[in-house]
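Below you'll find the structure, written out as structure tokens, and then a few comments.
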DNA sequence: TTGTAAGCGTTATCAA
DNA sequence: TTGATAACGCTTACAA
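Protein chains in written order, with our numbering: chain A, 169 to 520; chain B, 169 to 520.
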């Protein structure tokens, strides 16, 4: 005869095999909710019970299942971040700052790279949204319509959204921005060269069509030069290796009077390529050609002549973003943006 | 009088407010399981039904909840990766390759940085394990005992584990390794300098105490030099800015006969610092001092003289890791490691 | 081809 | 201070 309360023949759906809250509870001779409580608020549990739970935790090697926890609580500890390209040193530094800042606050970083493509950004956004992230971080303020809509929905639902690497409060975008105004940078780059007496200038833009920030610096650069009644042209570097792109671009600059006397570049690597090619053509930097980069990559300091450049707050952007998110989540308020300082570093390549 | 089947007064625990499967199902006039099925296997659902579901999906803006899905299915699409420092260009490239490879296979990347600290690695590992990741990626084969145990447990439970940036099949570690043998690299660096006629050599190690791979290259370097009856010493660079560390290290090399005629460095930035300082001291590279770096950072090609170095397969490691994981997960088998080719690039800084 | 029922591992709510 | 119960949103197993 079977006992009336016979155990079920076999669990229909065995889980992943790891210890669960119930397993710990059984060992500690309490119910699972008590263990759950101990984990979240140890002080509430009686010391004797706590002691047994601690032992049970150690014995079972319990690791809490986050998906179950999030599902039940509706709270998430995940921050999703969309980055153009992690191999670019500036973004690497930003992600490092973000990662450390979030980890310190007990949050996790779900990372996706967009390859500078708005379509991929939207796709990735849709994917990471499935994790119901506590906050969302994107790079820049240019998005596809679909992506903007997704971000707006998340924002409306109370999820902090931060756009990194931009800062344009005057545009009154709905999202917090942590970064700086690339137009300002472009104008400062122009002024720096104009002040050195140059009148015939060029901006060598990034070959990546969707590197909006580089384009923005370029547009502002050109506008500023023209306002000063100088001559400004824009060239676009080839895609692929930026050094080679810089070298090639040099040969498209024109000759004689058409040749600019100063060039601002979308980044230091491109500038470096230009510098190399100029040297190999016997053109002396900065006497015959002044060069200004962007990014303050390690290489610039070591070149001969050393490369003048703009140092963006790459690491600080990551740190400040993490900080803003932690604050916003703690307060239950939308994230607050901030403008971070960049720096124009005048070295030999633009000396008069 | 209340009807016996009165609806509950109010949902006790409102979720996150977004559309759920049930919402979509209601609009499409089917049950949620049919919608769930359509999402996973559209072909099984009748075309007319599918049409209604598509409309409902669009109308509701449904985004599936991944935690719920994972919890129910026991399957995960998350790959957890632990990286020493994302701001280092080599790891940035690796993560980029990993990210793209995983995204292509519909997996997500949960990223944590360990700051080269075994303790932090263990802590991070414990944290990411809570997400029941489909696979785990760590950097290197040196871990704390606790971390090793966690990895072994995961491995035993059928979760693919990959150690990136190392490859020592002869050690018969339980985990798959995707990378290369740093001992081989160290020996090749020694041979390169020995072949150029140097007999008094030094290895300038990384100041990061837990950069095991740099130490390993150094140990092999020294052993190889001594086997060839040369003289080899080891210096350790200061922590902090690697250029400055290289510069400082130069001044500790000794003078006269004690001074080595060739130095191999833990990375290109350190080597670059040494080169700068040597130049400022009037020492000619490579005639009086040969220099060999590691990493093939962009800067090396542009120095004067150009820096000889070892190019590690940074990006390929990420790609191959993603590929190995995707294959392993598809087959339900443990991941398989692979050795990837590095390259010693002889440039002017070690020319005879 | 579609539906019903049960359960994944946790937490919120309310009761004791 | 602890427990019982009902979710969270989805998928599996099985039935129709």
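Where is the CB? At the ideal position from N, CA and C, for every residue including glycine. Source: prediction; values computed, not measured.
A check of alpha carbon separations from residue 292 of chain B across B:267, B:450, B:249 identifies B:249 as the nearest. Residue A:307 holds the alpha-carbon nearest to the alpha-carbon of residue 252 of chain A among A:307, A:204, A:389, A:221.
Here residue 330 of chain A is buried. Its C-beta has 16 or more other C-beta atoms within 10 Å. Residue 375 of chain A is not bridged by DSSP to any residue. Fewer than three pairs of CB atoms, one per stretch, sit closer than 8 Å, so the region 224-239 of chain A makes no contact with the region 214-222 of chain B.
At a cut-off of 8 Å, the C-beta of residue 437 of chain B has a neighbouring C-beta in chain A. In this chain, residue 203 of chain B is not harboured by any beta strand (DSSP E); it is covered by the alpha helix (DSSP H) spanning 200-208.
By the Cβ neighbour-count rule, residue 276 of chain A is buried, with 16 or more other Cβ atoms within 10 Å of its own. Distance from the CA of residue 507 of chain B to the CA of residue 337 of chain B, rounded to the nearest whole angstrom, comes to 9 Å. Contact between residue 462 of chain B and residue 478 of chain B holds: CB atoms are separated by about 5 Å, below the 8 Å threshold. Contact of residue 279 of chain B with chain A is assigned, a C-beta pair being separated by under 8 Å. In the three-state reduction of the DSSP assignment, residue 275 of chain A falls in the coil class, being assigned neither a helical nor a strand state.
Between residue 367 of chain A and residue 399 of chain A, the gap from beta carbon to beta carbon is short of 8 Å. Around the C-beta of residue 436 of chain A, 16 or more other C-beta atoms lie within 10 Å, and the residue is accordingly described as buried. For residue 427 of chain B, the three-state secondary structure derived from DSSP is coil. For residue 444 of chain B, the neighbours in chain A by C-beta distance under 8 Å run, in chain order, 470. Using a CB distance cut-off of 8 Å, residue 297 of chain B counts as an interface residue toward chain A. For a cut-off of 8 Å, the C-beta gap from residue 357 of chain A to residue 485 of chain A is around 19 Å, too long to register as a contact.
Against residue 467 of chain B, the close residues of chain A are 466, 467, 470, in the order they occur along the chain (beta-carbon pairs closer than 7 Å). Contact annotation: residue 302 of chain B and residue 245 of chain B have beta-carbon atoms nearer than 8 Å. Residue 466 of chain A and residue 342 of chain B have their C-alpha atoms some 39 Å from each other. Take residue 393 of chain B, set aside five residues on each side of it, and the residues of its chain with a beta-carbon closer than 6 Å to its own are 358, 369, 400, in chain order. One finds 298 in chain B with Cβ atoms closer than 7 Å to the Cβ of residue 232 of chain A, taken in chain order. Contact check for residue 488 of chain A against residue 390 of chain A fails: the beta carbons are separated by 8 Å or more. Runs of the beta strand (DSSP E) lying entirely within the region 319-399 of chain B and spanning at least 3 residues, in chain order: 329-332, 344-347, 368-373. Within 7 Å of the CB of residue 236 of chain A, the CB atoms of chain B belong to 239, in sequence order along the chain. Around residue 412 of chain A, the same chain offers 441 as residues with beta carbons nearer than 7 Å, after the five sequence neighbours per side are excluded.
Legend: CB atoms of the region 396-429 of chain A lying less than 8 Å from CB atoms of chain B belong to residues 411. Out of A:511, A:234, A:514, A:504, the CA that lies nearest to the CA of residue 305 of chain A is found in A:504.
Of all residues in the region 257-269 of chain B, only 257, 260, 261, 263, 264, 267, 268 place a beta-carbon less than 7 Å from a beta-carbon of chain A. Taking C-beta atoms as the reference points, residue 254 of chain B and residue 264 of chain A count as a pair closer than 8 Å. Interface residue (Cβ-Cβ distance to chain A less than 8 Å): residue 491 of chain B is not classified as such. Nearest in C-alpha terms to residue 186 of chain A, of all of A:420, A:348, A:453, A:233, is A:233. Put simply, the CB of residue 433 of chain B is far from chain A, with every gap to its CB atoms at 8 Å or more. If you draw a straight line from the Cα of residue 515 of chain A to the Cα of residue 459 of chain A, it comes to about 10 Å. Among the CB atoms of chain B, none fall inside 8 Å of the CB of residue 208 of chain A.
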